[in-house]
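Chains as they are written, first to last, in the numbering used here: chain A, 2 to 129; chain B, 59 to 1051.
Glycine included, C-beta positions come from ideal geometry on N, C-alpha and C.
Down below is the structure, laid out as structure tokens.
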Amino acid sequence: MPVTVLVADDEEAIRSMLAITLAEDNHKVLLAKDGEEAITIAQRESPDLIFLDVLMPGLSGYQVCKMLKQDPKTAHIKIIMLTAMAQESDQKRAHEAGADDYFVKPFSLMALLDKINQLNLQPRQASS
Amino acid sequence: MEALNTPAYLIPPLAAAILCGLLDVIALRAGVRNPTYRIFSLFLLALTLWAVLIYLMRVSPDTAHAMRWERLVLPVTLMSTPAFFVFAKSYARRPMGTLSTSITLVYVATAIGLALSGRLLESMTLESYGYVPTLAPAFYVLALGGYLLMAAGVYNLYRAYRDSDVYVERNRLLYIMIATSFPVLGTVLDLLPQPYPGAIFGSFLFGAVTTVAMLRYHLLDVRVVVKKGLSYLAISALIAVPYVVVISIVSLGLNRDQIRPDVYILILVVLALLLQPLWSRLQSAVDRTFFRQRQDLFHTLEEFTGRTRSIAELEKPASDLVDIIRTAVRADGVALLLPSDSGDFSSIASSGRESLATLRLNRQTPLTVWMEKQHAPLEMRHLELDAHLQAVSDKEKESMRHAGARLLVPLRMRERLSGILVLGPKVSEAPYSQDEMRLLSMVASQTAVLLDDTRLYQSVTAQLEEGRNRLEAFQKSADRLALGEDADRSVQELIDTARTLIGARYGTLAVWGAKNEMRRSFVSGFAAQGHEPLGRASEGVRGVSRESAGSGTLAASLDALAPAAALGAARTPRTRLIAPIVRKGRSLGTIYLVEKENASEFTSDDERILNLFGVLAAVLLENINLYQEVVLERGSLAAIQSSMAEGLVVLNAEGKINYLNPAAIELLGLTGVDSLGRDFAQLLGPRTADTPLLKKLTDGRSGTSSGDAVTELRLTLPVARELAVTTFPIPGVQNEMLTGLLLRDVSRERELERRRDAFVATASHELRTPMTTIMGYSELFLTRKVPEAVQKEGLQRIYKEGQRLTAIVDDLLNVSRIQSGRLHLEVTRAVLRDIVDEAVAMIKPTAEGHTFVVNVDRGMPLVLADRDKLTQVLINLVTNAVKYSPAGGPVTIAAMSQAPDGRIVVSVTDTGIGIAPEDRERLFTTFNRIRRPETATIRGSGLGLFIVKGLVELMGGQVWLESEMNHGSTFYFSVPGEATVERGGVLAVPGRS
Chain A
2 MPVTVLVADD EEAIRSMLAI TLAEDNHKVL LAKDGEEAIT IAQRESPDLI FLDVLMPGLS
62 GYQVCKMLKQ DPKTAHIKII MLTAMAQESD QKRAHEAGAD DYFVKPFSLM ALLDKINQLN
122 LQPRQASS
Chain B
59 MEALNTPAYL IPPLAAAILC GLLDVIALRA GVRNPTYRIF SLFLLALTLW AVLIYLMRVS
119 PDTAHAMRWE RLVLPVTLMS TPAFFVFAKS YARRPMGTLS TSITLVYVAT AIGLALSGRL
179 LESMTLESYG YVPTLAPAFY VLALGGYLLM AAGVYNLYRA YRDSDVYVER NRLLYIMIAT
239 SFPVLGTVLD LLPQPYPGAI FGSFLFGAVT TVAMLRYHLL DVRVVVKKGL SYLAISALIA
299 VPYVVVISIV SLGLNRDQIR PDVYILILVV LALLLQPLWS RLQSAVDRTF FRQRQDLFHT
359 LEEFTGRTRS IAELEKPASD LVDIIRTAVR ADGVALLLPS DSGDFSSIAS SGRESLATLR
419 LNRQTPLTVW MEKQHAPLEM RHLELDAHLQ AVSDKEKESM RHAGARLLVP LRMRERLSGI
479 LVLGPKVSEA PYSQDEMRLL SMVASQTAVL LDDTRLYQSV TAQLEEGRNR LEAFQKSADR
539 LALGEDADRS VQELIDTART LIGARYGTLA VWGAKNEMRR SFVSGFAAQG HEPLGRASEG
599 VRGVSRESAG SGTLAASLDA LAPAAALGAA RTPRTRLIAP IVRKGRSLGT IYLVEKENAS
659 EFTSDDERIL NLFGVLAAVL LENINLYQEV VLERGSLAAI QSSMAEGLVV LNAEGKINYL
719 NPAAIELLGL TGVDSLGRDF AQLLGPRTAD TPLLKKLTDG RSGTSSGDAV TELRLTLPVA
779 RELAVTTFPI PGVQNEMLTG LLLRDVSRER ELERRRDAFV ATASHELRTP MTTIMGYSEL
839 FLTRKVPEAV QKEGLQRIYK EGQRLTAIVD DLLNVSRIQS GRLHLEVTRA VLRDIVDEAV
899 AMIKPTAEGH TFVVNVDRGM PLVLADRDKL TQVLINLVTN AVKYSPAGGP VTIAAMSQAP
959 DGRIVVSVTD TGIGIAPEDR ERLFTTFNRI RRPETATIRG SGLGLFIVKG LVELMGGQVW
1019 LESEMNHGST FYFSVPGEAT VERGGVLAVP GRS
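Spelled out as structure tokens, the structure:
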């Protein structure tokens, strides 16, 4: 079932790769190049899911995740962290920030798409 | 019949009462603290009471009254006898036995009981001479018992008299016995039927007078007392005559037959007062007449005795003695002759006539032999008269006559003649009286005792002194045992001390080695004869095995080996001494002494002392060995402790610091802190955040576990430092558990580890990002059918990310090459502007929001550099400028030719976050990225600036920077230009391959 996905990553290559892949599965894709932009879009568009990179200019992925999860308006949004940090401490931090799951770069695009289906997200209308 | 009122009847008891009362007072004053005197005064009190009661009886108006008083008189009479008995016992220093005590108590009880029941007196009659009691038989029995008690008392006194050797004491006992006999005799007479009880008067007076004599002149002999008593009698008579005259006048003048008794007493008192000056004058006149000479003599003796109480040296009492004697006997000269070293008698002190001082008497002449057997002084005139003295040579007689000797008094002690007192003639030229001779004999015997005492004292003192000297020397040697600083000197001193103390001419101390060989030898007393005997002495003891040491054969073997001149000079048995030096059954050496200094033999004392020295030497040698071992061990241990890089801390069971080595002081930052004895956890508490760890370290129990434990302690003060702490238990001397902490500074290792970890994390991050793109597109293309446009873009991205990966790997390789010095440079002449433009072109597409200003003149001198490396330097610097100015802004690249050596200086300026001064140092090291909140999200491997620095320096340039926090930074680097070469500047072209 097509859902709205926000991809937040400062790497243009990854953004466009994910955009193409998600569009292939008919998901609606929103893109943000840093943390602040991600929050703005998330609040405005209220996507079903956010793929959130950890290391971005400005706010880090953890900070963004925490803020969105603390905001009642965006707390329901599923957040999957994308991290190049393979250490256990990073995964722990992701959980502490309230992330629903995380993928370690380089990740499998197909696994990513499967994850969306597993989440069984109910698409909802964008907020008023 | 009327009661008698005549003075002769009434006065005697009254006088006796007064006299005894006074005596009692005197006796009490003389010695109230002395029990003997107290008993004596009790005896006198009884006599006083008795006299008073007699008086009261006599003045009774009728027999009935008289009988009442007489009933009291009798028990007092009886009571005085046990009182005397107890006194006599006490005075004779004979303890009251059970028998004596019982008899006395029974007697007292019986007497009191019978007296109170009136069984002692039957009746009273008035005769012409007064009241006469008719006594009951019981009284006679008791009286007999009383006399027996008195006799027993006298017997006790007699026994004391017999046993005493002290002249004064014997005299005193004799007084008491004689004095006692008078009242006893008087009472006995009174008991017999007789016309008049005059015995009371006489006996009492005599008893009292002798008692007075005894109390006042207790040093006089009895004959003097007799004379004295007689003199007092004369005085009494002198008083009695006016008394009788006055009474008669009063009786006649008043024409009254009967005078009241109190009037008599009044008259007596008035007379006594009036005649008192006469009495005193008479007494002194009598004293002068009778006793002057004797008194002088006895004073002399007393004075002499007093002075000789404390004997320390002979000279002073000797000169005192001759002075006193000369004054006492009024001789014109006195000398005291004592044996001199040669045995003859010569004067050691003289007074008056000087010729006496030169007199010498040979020993073992007939004269001295004779005097040795005599107590009495010898008068010179007897030399002619006595048959035994005919043998005395004329020469001797002549010399004595010439010196003016008149009287020779022998001083004898233990049947030997210890000295002679020689007196010249009396000043009056009169012969010496018997009294004087006796006095001189007494003085002589006392002097002999004194001389003997002094001799003993001096010899004892000398012995003590010698003993003390020996002890001190011994003690000194013993003290040496504690010294280890100079072992040889200690041993040398020991043998020297032993030799001098014992008084030997030569001494040797040999030290045996482990294999019986002589390891060392010390000699003493050979110095004066040069080195040869010394060497031979050592040779003498060489080869003596330790089996023979300490056994009797040693002496023989030593003698056999020793050259005669040195050790074996004297071969008689007691002319050498040997003591083994044995410790714990092992013979360490031998001490050997030869020839007693004064040519006599060694004594058993010497032997004992040498054995003691043997013991000392054993301890000393053992101590030296131990000391050397300890010094070696301790020295190396201390050297290790002070030189090792690791810190060593020893804590006691309470966690207090017992020891810490210099490294520990440095590592813990305790320089200048007096940390010994301080609590380790408390001391370091402010320096670390690891308080629980600190507690665990210092908890004694953690250290006592069997294994060593390693933990890390992170110190924050005074400098951040990480220490690896190994704890291990140390068993203490007193069974307590100490904890040892071995500290190793691991700050550098940890920092390197951290940097490596950070690099790995960063590198992996840097690698993973392009890998994500590459793998993502590849996967997409393999699993999905995508439009061609998408496919093309994807492939382009894969290619680009591949390039990026290559660049990162290049960076890593470069770092590795720079670090190992294997970087290859291809230096060419290049136009700087071209290189700058190339670098900017490469970065520009990825730097949105940044503008690039290039102020590099194309016409400036060419640079001499490896073009690729220079491009990399610029790319790295410009990339950094972009990265660290996240807000965007201009990045300015400028270049100018430096005047002196033609180097080209290139600068890259940004308007970014800037670099804190404290971070600038480590900016150019590997894997080191400035950690600030703003840089947390800035990507970088931490290699860029390290590579810049490495490359620039390889090309012969330098890197430096200027920066202001939050305003931006400028990085400068220099590279050689064309002019540098022309001007002969140093151009570093390593080009190592």
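Is E680 of chain B helix, strand or coil when you go by DSSP? Here E680 of chain B sits in helix by DSSP.
Proximal chain A residues relative to L1001 of chain B, where beta-carbon distance stays under 9 Å: Listed by position along chain A, the residues whose Cβ is nearer than 9 Å to that of L1001 of chain B form an empty set, because the closest Cβ is around 17 Å away.
Per DSSP, what kind of secondary structure is L157 of chain B in: helix, strand or coil? L157 of chain B falls in the helix class under three-state DSSP.
Could you please give the first and the last residue of the uninterrupted beta strand (DSSP E) stretch that includes K79 of chain A? Residues 79–84.
Please check if any C-beta of chain A sits within less than 8 Å of the C-beta of A953 of chain B. Closer than 8 Å: no.
G1035 of chain B, DSSP secondary structure in three states: DSSP places G1035 of chain B in strand when its eight states are reduced to three.
Listing by chain order, which chain A residues have their CB less than 7 Å from the CB of T831 of chain B? Result: A14, I15, M18.
Tell me whether K484 of chain B sits in a helix, a strand or coil according to DSSP, three-state version. When secondary structure is reduced to three states using DSSP, K484 of chain B falls in the strand class.
List the endpoints of the continuous beta strand (DSSP E) containing R641 of chain B. Where R641 of chain B is concerned, the enclosing beta strand (DSSP E) stretches over 634–641.
DSSP-derived helix/strand/coil call for S398 of chain B: The answer is coil: DSSP assigns S398 of chain B none of H, G, I, E or B.
Considering only the alpha carbon of each residue, which of B:G960, B:V940, B:A953, B:Q956 lies closest to I971 of chain B? Proximity to I971 of chain B across B:G960, B:V940, B:A953, B:Q956 peaks at B:V940, based on C-alpha coordinates.
Taking 8 Å as the CB-CB cut-off, is Q861 of chain B touching chain A? Against chain A, the CB of Q861 of chain B has no partner CB under 8 Å away; the residue lies outside that interface.
Check the Cβ of P944 of chain B against every Cβ in chain A and list those closer than 9 Å, keeping chain order. P58, G59, listed in chain order.
If you count every other CB in all the chains shown that lies within 10 Å of the CB of H589 of chain B, and 16 or more means buried, which is it? Annotation note: pLDDT 41 at H589 of chain B (below 50); position unreliable, coordinate value reported separately. In this structure H589 of chain B is exposed. Its beta-carbon is surrounded by fewer than 16 other beta-carbon atoms within 10 angstroms.
With H, G and I counted as helix, E and B as strand and the rest as coil, what does DSSP make of D279 of chain B? Low confidence applies here, because D279 of chain B scores a pLDDT of 43, under 50, leaving its location unreliable; read the following figure in that light. Per DSSP, reduced to three states, the secondary structure at D279 of chain B is coil, with no helix or strand assignment.
Count the other C-beta atoms from every protein chain shown that fall within 10 angstroms of the C-beta of E979 of chain B, then say buried if there are 16 or more, exposed otherwise. Per the 10 Å Cβ criterion, exposed.
Would you check if the stretch 148–155 of chain B and the stretch 115–131 of chain B touch, i.e. whether three or more CB-CB distances between them fall below 8 Å? No contact exists between the stretch 115–131 of chain B and the stretch 148–155 of chain B.
Against chain A, with Cβ distances strictly below 8 Å, would V848 of chain B count as a contact? Interface flag for V848 of chain B against chain A is set, since a Cβ pair is found closer than 8 Å.
Using three-state DSSP, classify F108 of chain A as helix, strand or coil. Coil at F108 of chain A, not helix or strand.
How about S764 of chain B: is its C-beta nearer than 8 Å to some C-beta of chain A? Any reading at S764 of chain B needs caution, since the residue's pLDDT is 45, under 50, leaving its predicted position unreliable; the model's value is listed next. Not an interface residue.
Looking only at its own chain, which residues have a Cβ that is under 6 Å from the Cβ of E494 of chain B, when we skip the five neighbours before and after it? Correct list, in chain order: V387.
Out of curiosity, what's the CA-to-CA distance linking E687 of chain B and F1004 of chain B? Between the C-alpha atoms of E687 of chain B and F1004 of chain B there is a straight-line separation of about 56 Å.
Where H823 of chain B and L120 of chain A are concerned, what is the direct C-alpha to C-alpha distance, given to the nearest angstrom? If you take the alpha carbons of H823 of chain B and L120 of chain A, they lie about 28 Å apart.
Can the beta-carbon of A169 of chain B be found less than 8 Å from the beta-carbon of L136 of chain B? Their beta carbons are under 8 Å apart, which means A169 of chain B touches L136 of chain B by this criterion.
Could you check if V110 of chain B is buried or exposed, using at least 16 other CB atoms within 10 Å of its CB as the buried criterion? Taking all protein chains shown into account, V110 of chain B has 16 or more neighbouring C-beta atoms within 10 Å of its C-beta and is therefore buried.
Hey, how far is the Cα of H446 of chain B from the Cα of L436 of chain B? C-alpha separation (whole angstroms): 12 Å.
D452 of chain B: first and last residue of the uninterrupted alpha helix (DSSP H) it sits in: First-last of the alpha helix (DSSP H) with D452 of chain B: 452–461.
So does the stretch 821–837 of chain B actually touch the stretch 854–869 of chain B, counting three or more Cβ pairs closer than 8 Å? With the cut-off at 8 Å, the stretch 821–837 of chain B and the stretch 854–869 of chain B touch.
Residue burial classification, Q930 of chain B (beta-carbon count within 10 angstroms, cutoff 16): That one is buried.
Touch test, the stretch 56–67 of chain A against the stretch 19–29 of chain A, Cβ-Cβ under 8 Å, three pairs minimum: No: fewer than three Cβ pairs fall under 8 Å.
Buried or exposed by the 16-neighbour rule on C-beta atoms within 10 Å, applied to R745 of chain B: Classification of R745 of chain B: buried, given that the 10 Å Cβ count is 16 or more.
Taking 8 Å as the cut-off, does the stretch 690–698 of chain B touch the stretch 653–670 of chain B (at least 3 CB pairs, one atom from each stretch)? By the criterion of at least three beta-carbon pairs nearer than 8 Å, the stretch 653–670 of chain B is not in contact with the stretch 690–698 of chain B.
For a quick check, are the C-beta atoms of V6 of chain A and P48 of chain A less than 8 Å apart? Yes, the Cβ-Cβ distance between V6 of chain A and P48 of chain A is below 8 Å.
Would you call M1023 of chain B buried or exposed, if buried means 16 or more other Cβ atoms sit within 10 Å of its Cβ? M1023 of chain B comes out exposed.
Beta-carbon separation of M57 of chain A and E837 of chain B under 8 Å? When the beta-carbon positions are compared, M57 of chain A and E837 of chain B stay at least 8 Å from each other.
Local conformation of V1 of chain A per DSSP, three classes: Nothing about residue 1 of chain A can be reported from this structure: the residues present for chain A run from 2 to 129 only.
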